[in-house]
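Scroll down for the structure; my scribbles are underneath it.
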Amino acid sequence: MIGHARVVASAFERGGGVASGPNKLLGKAVEAASTAASGARHVGGDDGTVARDLPRAADLHVLVLSDRGLSLWDFGMTGTSTPPDHVASVPRASVAAITDTGKKAQGGVTVARVSFTDGSFFDYRIMERPDTAFWEAVARFDDAG
0 MIGHARVVAS AFERGGGVAS GPNKLLGKAV EAASTAASGA RHVGGDDGTV ARDLPRAADL
60 HVLVLSDRGL SLWDFGMTGT STPPDHVASV PRASVAAITD TGKKAQGGVT VARVSFTDGS
120 FFDYRIMERP DTAFWEAVAR FDDAG
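In numbering that gives the first Met the number 0, the protein residues as written are 0 to 144.
Below is the structure:
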């Protein structure tokens with residue numbers, strides 16, 4: 000392992016809005032539109048590309064960088080449940096770059112973009128504050144590739 004950080008997909012699927020009443024359909028329509036707009040900004044690539052196959056759940060995951068590639072792990076809602084559930088993996092040869100987008104998400108957290116060799120990309124909110132150790136790990140990850 001080179002490094003890790005707690006992350007949330009920037010293009011997470013919105014949900015959990017109005018549960019009942021006359022505004023239920025309107026709430027669902029707003030959530031669907033918000034999910035689509037967020038996806039257009041934070042996930043790029045055609046169907047079947049690496050980025051399109053990554054999960055967009057609004058869950059807290061741990062992004063692990065290793066000399067083999069990157070992987071996502073679910074340690075539960077509080078981030079402490081063990082053993083973790085494996086969520087996804089991407090081989091090192093498929094990762095083109097990990098960069099700071101220069102944008103901040105809710106709460107002032109950094110948005111990082113993972114670009115893949117197939118031309119796709121996926122944005123993550125880095126939930127570590129400060130996120131210095133994550134960017135140091137990215138530099139080591141780049142050196143290992």
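Ideal Cβ positions, reconstructed from N, Cα and C, are used throughout, including at glycine.
Rounded to the nearest angstrom, what separates T48 and V94 at their Cα positions? T48 and V94: Cα-Cα distance of roughly 12 Å.
If you draw a straight line from the C-alpha of M76 to the C-alpha of G144, how long is it? Cα to Cα, M76 sits roughly 32 Å from G144.
How would you label R128, buried or exposed, when you count the other beta carbons within 10 angstroms and need 16 or more for buried? So R128 ends up on the exposed side.
Should T100 and R112 be called a contact, given that it needs their Cβ atoms to be closer than 8 Å? Contact: yes.
If you draw a straight line from the alpha carbon of L64 to that of G44, how long is it in whole angstroms? For L64 and G44, the gap between their C-alpha atoms comes out near 22 Å.
In whole angstroms, what is the alpha-carbon distance linking D122 and A10? For D122 and A10, the distance between alpha carbons rounds to 7 Å.
In the DSSP assignment, the alpha helix (DSSP H) including D117 goes from what residue to what residue? Element bounds for D117: n/a, residue is neither H nor E.
How should A4 be labelled, buried or exposed, when 16 other C-beta atoms within 10 angstroms of its C-beta is the threshold for buried? Here A4 is buried: its Cβ has 16 or more other Cβ atoms, across all protein chains shown, within 10 Å.
Given A92 as reference, the closest of T79, K102 and D142 once Cα atoms are compared: Selected option, being the one with the closest Cα: D142.
Does the separation of the CB atoms of I125 and V137 fall below 8 Å? Not closer than 8 Å, so no.
How is the beta strand (DSSP E) around T100 delimited, first residue to last? That run of the beta strand (DSSP E) goes V94 to K103.
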